[in-house]
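Participant:
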Amino acid sequence: MLFVSLRASPDKKFGKDNEFHGDSGSMEDESASDASDSLDHKPIRCAFCQYSVTDISQRITVNGSYNHAFANPHGLVFEIGCFRECTGAMPASAPSIEFSWFSGYSWQVAVCRNCNRHLGWRFLSGSGVSSFYGMIIDNLLFP
Numbered sequence: 029m030l031f032v033s034l035r036a037s038p039d040k041k042f043g044k045d046n047e048f049h050g051d052s053g054s055m056e057d058e059s060a061s062d063a064s065d066s067l068d069h070k071p072i073r074c075a076f077c078q079y080s081v082t083d084i085s086q087r088i089t090v091n092g093s094y095n096h097a098f099a100n101p102h103g104l105v106f107e108i109g110c111f112r113e114c115t116g117a118m119p120a121s122a123p124s125i126e127f128s129w130f131s132g133y134s135w136q137v138a139v140c141r142n143c144n145r146h147l148g149w150r151f152l153s154g155s156g157v158s159s160f161y162g163m164i165i166d167n168l169l170f171p
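Per my numbering, the very first residue in the sequence shown carries number 29; after that it's consecutive.
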């Protein structure tokens, strides 16, 4: 079992749903069009082994935002970014609906295909038809 410990800054505010309510953080929303085309397909890499996990063009908004911060039942805080596909990551657990951060979605731990380090989670819709990845920002290297 992998445990990742992150510290929440004292100014972060969490509601009863364990979702961050406040400043959206430093990541640029995927809908912003200021990023140059040359950056869109540059790889986002695993922070542990530098393996290519996804790229900027795969960013998506979920529930109105690209990035989210959540606390799990153990009080660990994770800042995640949402991606359509992460070909350099793979599910490493059975789907679970317990404590899902996204209503109507189950989750699976997602690890790097190269080094097997915990990078985030894969979220699957109740029907299993759609999915996306919520990747831990601190575990990724951005271009």
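Here a beta-carbon is modelled for each residue, glycine too, at the ideal position from N, C-alpha and C.
Should H174 be labelled buried (16 or more other beta-carbon atoms within 10 Å of its own) or exposed?
Facilitator: Residue numbering for the chain in the displayed model covers 29 to 171; residue 174 lies beyond these limits and cannot be assessed.
Participant: To test your reading of the DSSP string, which unbroken alpha helix (DSSP H) runs of 4 or more residues are found completely within the stretch 136-168?
Facilitator: Counting whole runs of 4 or more residues, the stretch 136-168 contains no alpha helix (DSSP H) stretch at all.
Participant: Buried or exposed, going by whether 16 or more other CB atoms sit within 10 Å of the CB of A117?
Facilitator: Answer is buried; the Cβ neighbour count reaches 16.
Participant: Report the three-state DSSP secondary structure of S121 (helix, strand or coil).
Facilitator: Coil, per DSSP.
Participant: Reducing DSSP to helix, strand and coil, say where S131 ends up.
Facilitator: In this structure, S131 counts as coil in the three-state DSSP scheme.
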